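**Student:** If you scroll down you'll find the structure; I have some questions about it.
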Amino acid sequence: MKIVTWNINGVRARIGNLTHWLTESAPDIVCLQEIKTVDEQFPRAEIEALGYNVETHGQKGFNGVAILSKLRFDEVIRGLPGDDADEQARFIEGVFSTDKGALRVASLYLPNGNPIDDEKKFPYKLSWMARLERWAKERLELEEALVLAGDYNVIPEPIDARFPENWLGDALFQPQTRQAFRRLLNLGFTEAVRAVTDGPDTYTFWDYQAGAWQKNNGIRIDHLLLSPEAANRFSSASIEKHVRAWEKPSDHVPVAIDLALQPA
Numbered sequence: 002m003k004i005v006t007w008n009i010n011g012v013r014a015r016i017g018n019l020t021h022w023l024t025e026s027a028p029d030i031v032c033l034q035e036i037k038t039v040d041e042q043f044p045r046a047e048i049e050a051l052g053y054n055v056e057t058h059g060q061k062g063f064n065g066v067a068i069l070s071k072l073r074f075d076e077v078i079r080g081l082p083g084d085d086a087d088e089q090a091r092f093i094e095g096v097f098s099t100d101k102g103a104l105r106v107a108s109l110y111l112p113n114g115n116p117i118d119d120e121k122k123f124p125y126k127l128s129w130m131a132r133l134e135r136w137a138k139e140r141l142e143l144e145e146a147l148v149l150a151g152d153y154n155v156i157p158e159p160i161d162a163r164f165p166e167n168w169l170g171d172a173l174f175q176p177q178t179r180q181a182f183r184r185l186l187n188l189g190f191t192e193a194v195r196a197v198t199d200g201p202d203t204y205t206f207w208d209y210q211a212g213a214w215q216k217n218n219g220i221r222i223d224h225l226l227l228s229p230e231a232a233n234r235f236s237s238a239s240i241e242k243h244v245r246a247w248e249k250p251s252d253h254v255p256v257a258i259d260l261a262l263q264p265a
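Residue numbers (our numbering): 2 to 265.
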């Protein structure tokens, strides 16, 4: 089963790229971030025509997440628990039936947090990560195959940036951010890409500015975390980097994993 995360950076602006990629890559489940549209305006017809079920948690103009799946949804939950006042659409989870039991997949778009001296933005990022950690700890107790997929806006280690020194003042690379990510991992998750490679130049995002793509000035901020039950079925991970060279690309590229699971 192929599961992919992709920050699409505006689904309506890139629906042509998305449908082309869905046909080319043939994923079973796709977690999208930054769909930048309300649920009613999500281009579901074009995606459903390719055989996908569509569930969204949208927001006008920014944020927004979605899950596209060839499997039928058994359950859909929108929003990360822990703060009833949080109106930002950054989290959706779906549950599916497989030959090995339940598969739970979450699509998340973690707050950017910049600038770090803003009295609200960086604290919001850290509090959101703390909520995610609490949620994940509870979900792990279910002992299901669980995949946390998304744009984490976290550069975990210096090797995950072409020029780490350029990110020292950025919320994505702050010690508190990286520590929160490690706490999440230390609950028992396997970080899929680093499970298969410890090599440099392993990036998922290239800014639109200053020829970052052409210079391979990238960072790795899109991650898939696997519960022990999912890690036991994990066979491969890959970054579909070529998509960044398409016309009107997102600044992120799809990151894929394969799990030895079949629909029930």
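For each residue, glycine too, the CB sits at the ideal point set by N, CA and C.
Note that the structure is a prediction, hence the values are computed from the model and not measured.
For the segment 163-170 and the segment 135-147, state whether three or more C-beta atom pairs, one from each stretch, are separated by less than 8 Å.
**Tutor:** no
**Student:** Note the first and the last residue of the continuous alpha helix (DSSP H) segment covering Phe-182.
**Tutor:** Counting along the chain, the alpha helix (DSSP H) containing Phe-182 begins and ends at 176-186.
**Student:** Helix, strand or coil: which one does DSSP assign to Thr-24?
**Tutor:** For Thr-24, the secondary structure class from DSSP, reduced to helix, strand or coil, is helix.
**Student:** Quick one: what does DSSP say Ser-108 is sitting in, helix, strand or coil?
**Tutor:** strand
**Student:** Using DSSP with H/G/I as helix, E/B as strand and the rest coil, what is Glu-76?
**Tutor:** strand
**Student:** According to the Cβ coordinates, are Val-197 and Ser-237 closer than 8 Å?
**Tutor:** yes
**Student:** To the nearest angstrom, how far is it from the Cα of Val-266 to the Cα of Pro-28?
**Tutor:** In the structure as shown, the chain starts at 2 and stops at 265, and residue 266 therefore has no counterpart that could be examined.
**Student:** What's the C-alpha gap between Ala-211 and Val-254?
**Tutor:** 18 Å
**Student:** If I follow the unbroken beta strand (DSSP E) through Ile-30, where does it start and stop?
**Tutor:** In the DSSP assignment, Ile-30 falls within the unbroken beta strand (DSSP E) covering 30-34.
**Student:** Is the beta carbon of Ala-46 sitting closer than 8 Å to the one on Ser-108?
**Tutor:** The answer is no: Cβ separation not under 8 Å.
**Student:** Consult DSSP for Pro-264 and reduce its assignment to one of helix, strand or coil.
**Tutor:** strand
**Student:** For Ile-240, which residues from the same chain have a beta carbon less than 8 Å from its beta carbon, with the 5 sequence-adjacent residues on both sides left out?
**Tutor:** Val-194, Thr-203, Tyr-204, Thr-205, Val-254, Pro-255, Val-256 and Ala-257
**Student:** Work out the CA separation of Gly-59 and Glu-49 for me, nearest whole Å.
**Tutor:** Rounded to the nearest angstrom, the two C-alpha atoms are 17 Å apart.
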